[in-house]
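>
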Amino acid sequence: MKVKVVTRILEANERIAADNRRIFDDSGVYVINLMSAPGAGKTSLLERTIKELNKKLKVAVIEGDIAGTQDAERIGNLGVPVIQINTGGACHLDANMINEVLGELPLKEIELLFIENVGNLVCPAEFNVGEDMKMMLLSITEGDDKPLKYPLMFQESSALILNKIDLLQYTNVSIDKIKKDAMSLSPSIKIFEISCKTGEGISEWTDWLVKKVK
Ligand code: MG
Ligand code: ZN
298 MKVKVVTRIL EANERIAADN RRIFDDSGVY VINLMSAPGA GKTSLLERTI
348 KELNKKLKVA VIEGDIAGTQ DAERIGNLGV PVIQINTGGA CHLDANMINE
398 VLGELPLKEI ELLFIENVGN LVCPAEFNVG EDMKMMLLSI TEGDDKPLKY
448 PLMFQESSAL ILNKIDLLQY TNVSIDKIKK DAMSLSPSIK IFEISCKTGE
498 GISEWTDWLV KKVK
């Protein structure tokens, strides 16, 4: 019985995700669903990325959090359109939550929409929201065992950004293991090593991003 209910929820989600997809296509917006654990640096990555793009792309952001507006305020300070969704306890964003706020964004004027998912390594990967691409941000301080422990996140992702690379010397983490395991789950995954603190690797990532979107 439980399985049936879950299936219906996911089927309903897929229908709404397809609606969102049509809206994004009509507006010519490229959409990235950004997923990570809490504290990996999703909002810091968006801040760095938006600054580095320096208006090369017209960007907007949807922030997903269980509560609060801190992330939306940080993005709003950069002068790009931002909407905060508070899930009120739900540990992921679904297609309907996105659908409900799309009318509040100037989609026709936007080229790239980031959807910052709720920090969680489990269910965000199960819910399509109509995105062009899912991507994973992993802080290396989370450990090199994460790809094999949370495989769906990595399987679903087209890109993997390894953040806080400046802290590598203080850890026993093997970047090679993370890369090898991520590529075993998603053979074509594109991997970047960055530090949002120092700026290392940011331009490689944004160069790739611009080519992807344009
Ligand atoms: Mg955040
Ligand atoms: Zn969830």
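Numbering (the working numbering), first residue to last: 298 to 511. We put the beta carbon where it would ideally sit given N, CA and C, even for glycine.
Does the Cβ-Cβ distance between M450 and M433 come in under 7 angstroms?
Their beta carbons are under 7 angstroms apart, which means M450 touches M433 by this criterion.
> So S333 and L482 are supposed to be a Cβ contact under 8 angstroms. How far apart are they, rounded?
With a Cβ gap of about 16 angstroms, S333 and L482 do not count as contacting.
> List in chain order the residues whose CB is within less than 7 angstroms of at least one heavy atom of the ligand MG.
Residues with a Cβ closer than 7 angstroms to any heavy atom of the ligand MG, in chain order: K339, T340, E360, D362, D368, E413, G416.
> Apart from the five residues just before and just after L399, which ones in its own chain have a Cβ nearer than 8 angstroms to its Cβ?
Correct list, in chain order: N317, I320.
> Given a cut-off of 7 angstroms on the beta-carbon distance, is the pair A364 and N383 in contact?
Yes, these two residues count as a Cβ contact at 7 angstroms.
> Is it the case that the Cβ atoms of L457 and I437 are separated by a distance below 7 angstroms?
Going by C-beta atoms, L457 is not nearer than 7 angstroms to I437.
> For I313 and N396, what's the separation of their Cα atoms in angstroms?
Approximately 7 angstroms between the Cα atoms of the pair.
> Looking at the strands, I want to know which residues DSSP matches up with F489.
DSSP lists I458 as partners of F489.
> In chain order, what residues have a CB nearer than 5 angstroms to some heavy atom of the ligand ZN?
Ordered along the chain, the selected set is C388, H389, C420.
> Looking only at C-alpha atoms, which of D323, V510, P335 sits nearest to N417?
The option with the nearest alpha carbon to N417 is P335.
> Once you ignore the five residues that flank C520 on each side, which residues in its own chain have a CB closer than 8 angstroms to its CB?
Not covered by the structure: residue 520. The range shown for the chain is 298 to 511.
> Hey, how far is the Cα of F424 from the Cα of G496?
Cα-Cα distance, rounded: 31 angstroms.
> Going straight from the alpha carbon of Y447 to that of V419, what length do you get?
Cα to Cα, Y447 sits roughly 7 angstroms from V419.
> In this structure, does DSSP put S483 in helix, strand or coil?
If DSSP states are grouped into helix, strand and coil, S483 belongs with coil.
> Quick test of your reading: I407 and L390, contact by CB under 8 angstroms. State the CB separation rounded to the nearest angstrom.
Not confirmed; about 18 angstroms, so no contact.
> Using a Cβ-Cβ cut-off of 8 angstroms (strictly less than) and excluding sequence neighbours within five positions of F489, which residues of its own chain qualify?
Cβ neighbours of F489 beyond the five flanking positions: A456, L457, I458, L459, G498, E501, W502, W505.
> Rounded to whole angstroms, what's the CA-CA distance from L307 to M394? Just pull it up for me.
Using only the alpha carbons, I get a separation of about 14 angstroms.
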